[in-house]
Amino acid sequence: MEKKSNVFDYIEWRGDLSFQQSEFNEIDGLILSIFAYLDFSCVKKGIAFLKDAVRQINMMPVEQKFDGPGIIMKDVVALANIAANSERYKEIGVFNFVDITDEKLEIQFAAVTFLLPDTTAFLSFRGTDNTLVGWKEDLNMCFIDGIPSQLEAAKYVEAIAQEIDISLRLGGHSKGGNLAIWASAHLSAEHKKRIINIYSNDAPGFNKNFLEAPYYLEIREKIRSFVPESSIVGVLMEHDTYMTIRSSSQSVLQHNPFSWLVSGKSFIYDNSRTLSGKQFDKIINSWIKAMSVDEREELIENIYDIITSSDAKTLEDFDKTKIKSLISMSRTFREMGLKKQAQLIFSLSKILFNSDILLNNNLKDILLETSN
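Numbered per our numbering, the sequence shown spans residues 22 to 393.
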């Protein structure tokens, strides 16, 4: 059976080649996007070589070193250690790490800049971590044009562009790819022309207005968007265009970038989405069309209120206290009041059936009543 190669194999094959010997490519873009999940707070000031930064990360407490999306963090740290010992990556500069999480502001944002030996910079944006507020912010994209992390990303890129006068690449995995595109589109004209490419790795999309805006069209040709054949995350919202790539995993697990198949200096492409992928596209598009912006906001806020009533801050917290969480959420639902309960059921029915015809007339009456 043919071996299914991934980013680990890529570094094994090409790790001894400098960027002068083998120019930057889409797999390098994915690897540096993955490294945004690392905690580079050890780089206090100035610039550190990747090999030195990773050495300090290895000395961090376990809970700090592996803090992030639980399903991939061990692989993230392992990949960083391999890269830190390779000729290609070890002397990449690590610069200006930023990490912001605030429940009240509903923001989860992190970014880091890598200074490459080919005299370019790669601005890497972190995807959604394991915090519930991070997932809430992602969902806010359904009804907010310019969520806090997108605005923060734009500020970050503008500041970096003013500080260093070299060509730029931007990228990220998951939400990080969305942030890279958003920030590039909103970069000032004098710096926007310095962008070489923008790498979006299975990232959620945007609303139609954004995709038709002049500031987006100015960077459109520089975007390299990759979506696995059965992706779920990468088809959320609307997309302009993307390349379909193959994965060694199935369904939702294809979001894991370590499952993406690599051949030489590129991904292995597929001609079309899988049947399950197409079905999910249809479901998501139906939901967006079936619900108004206000309805999406109310649904997301109601669900988030129910989930956070368990006092969980992360997905791990929620999993560890599953029974307690379910009891708390059930109590919160009961205390929401009849009208809010009805609105939640109404919204969920629209997602499931793209219609309100199956709703009981009494439920409709409750929704139409004015608040006392």
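We treat Cβ as the ideally placed atom computed from N, Cα and C, and that holds for glycine.
Which listed residue (the options) has its alpha carbon closest to that of residue i
i	options	result
Val-133	Asn-230, Asp-166, Lys-95, Ala-180	Ala-180
Asp-223	Val-75, Gly-197, Asn-46, Ile-78	Gly-197
Ala-74	Glu-47, Gln-129, Val-115	Val-115
Lys-72	Ala-57, Ala-104, Ala-210	Ala-104
Ile-168	Phe-227, Asp-37, Gly-36	Phe-227
Ser-246	Val-83, Asn-106, Ser-170, Asn-199	Asn-199
Thr-262	Leu-238, Pro-278, Ser-284	Leu-238
Lys-25	Ser-269, Gln-275, Gly-193, Leu-232	Ser-269
Ser-284	Phe-40, Ser-221, Asp-49	Asp-49
Glu-33	Phe-87, Asn-106, Ser-62	Asn-106
Glu-211	Asn-117, Tyr-236, Ser-145, Thr-141	Tyr-236
Gly-193	Phe-146, Ala-234, Trp-281, Lys-213	Phe-146
Leu-232	Ser-280, Val-248, Ser-205	Ser-205
Ile-113	Asp-123, Lys-213, Val-248, Phe-40	Phe-40
Tyr-220	Gln-42, Val-28, Ser-54, Asn-27	Ser-54
Phe-118	Ala-234, Val-178, Lys-213	Val-178
His-260	Ile-244, His-207, Gly-89	Ile-244
Val-248	Ala-201, Ile-68, Lys-125, His-276	His-276
Ile-240	Lys-213, Thr-265, Lys-229	Lys-213
Distance between residue j and residue i (C-alpha atoms, nearest Å)
i	j	result
Val-273	Ser-252	6 Å
Arg-203	Glu-242	It is Trp, not Arg, that sits at residue 203 in the sequence shown. Taking the straight line joining both Cα atoms gives about 14 Å.
Ala-131	Phe-143	14 Å
Val-97	Leu-59	7 Å
Tyr-110	Ile-92	24 Å
Glu-108	Asp-139	13 Å
Ile-289	Asp-30	14 Å
Lys-66	Asn-292	46 Å
Pro-225	Met-258	6 Å
Glu-127	Glu-173	12 Å
Lys-286	Glu-44	10 Å
Ala-57	Gly-148	8 Å
Leu-136	Ser-209	21 Å
Met-80	Ala-101	14 Å
Arg-267	Ile-216	27 Å
Leu-38	Ile-185	26 Å
Asp-166	Glu-250	28 Å
Val-64	Glu-84	18 Å
Ser-170	Leu-51	20 Å
Gln-183	Lys-176	11 Å
Leu-336	Met-94	Confidence at Leu-336 is low in this model, with a pLDDT of 48, below 50, so the placement of that residue should be treated as unreliable; the coordinate-derived value is given next. Rounded to the nearest angstrom, the two C-alpha atoms are 14 Å apart.
Ile-121	Gly-36	32 Å
Ile-344	Thr-141	Any answer about Ile-344 is weak, because its pLDDT of 45 lies below 50 and its placement is not dependable; what the coordinates show is given next. Distance between the alpha carbons of Ile-344 and Thr-141: 51 Å.
Ser-392	Asp-123	With a pLDDT of 41 at Ser-392, under the threshold of 50, the modelled position of that residue is not reliable, and the figure given next carries that caveat. Going by the C-alpha atoms only, they are around 32 Å apart.
Asn-27	His-207	33 Å
Asp-88	Leu-189	28 Å
Ser-62	Ser-280	28 Å
Leu-191	Ala-69	19 Å
Phe-339	Gln-129	Confidence is the limiting factor: at Phe-339 the pLDDT is only 48, short of 50, which leaves the residue's position unreliable, though a coordinate-based value still follows. Between Phe-339 and Gln-129, the C-alpha separation is close to 18 Å.
Ala-234	Met-264	22 Å
Asn-230	Lys-125	28 Å
Lys-86	Ile-187	31 Å
Gln-271	Leu-282	13 Å
Pro-82	Pro-90	17 Å
Ala-201	Asn-218	10 Å
Ile-372	Ile-78	Any reading at Ile-372 needs caution, since the residue's pLDDT is 47, under 50, leaving its predicted position unreliable; the model's value is listed next. Their backbone Cα atoms lie some 43 Å apart in a straight line.
Start-to-end residues for the alpha helix (DSSP H) that takes in residue i
i	result
Tyr-31	28-35
Lys-213	210-213
Ala-204	196-206
Leu-59	Leu-59 -> no alpha helix (DSSP H), and no H or E assigned at all.
Leu-100	94-105
is_contact[residue i, chain C] using C-beta, thresh 7 Å
i	result
Leu-172	Here there is only one protein chain, and chain C is not present.
Threshold first: 3 residues or longer. Then list the beta strand (DSSP E) segments lying entirely within the segment 65-92, N to C. 68-70
Quick check for students: name the residue ranges of the beta strand (DSSP E) that lie wholly in the segment 217-266, counting only runs of 3 or more. 244-249, 264-266
Taking only runs that begin and end inside the segment 109-194, name each unbroken beta strand (DSSP E) of 3 or more residues, in chain order. As far as the segment 109-194 is concerned, its whole beta strand (DSSP E) runs of at least 3 residues are 114-123, 128-137, 141-146, 188-194.
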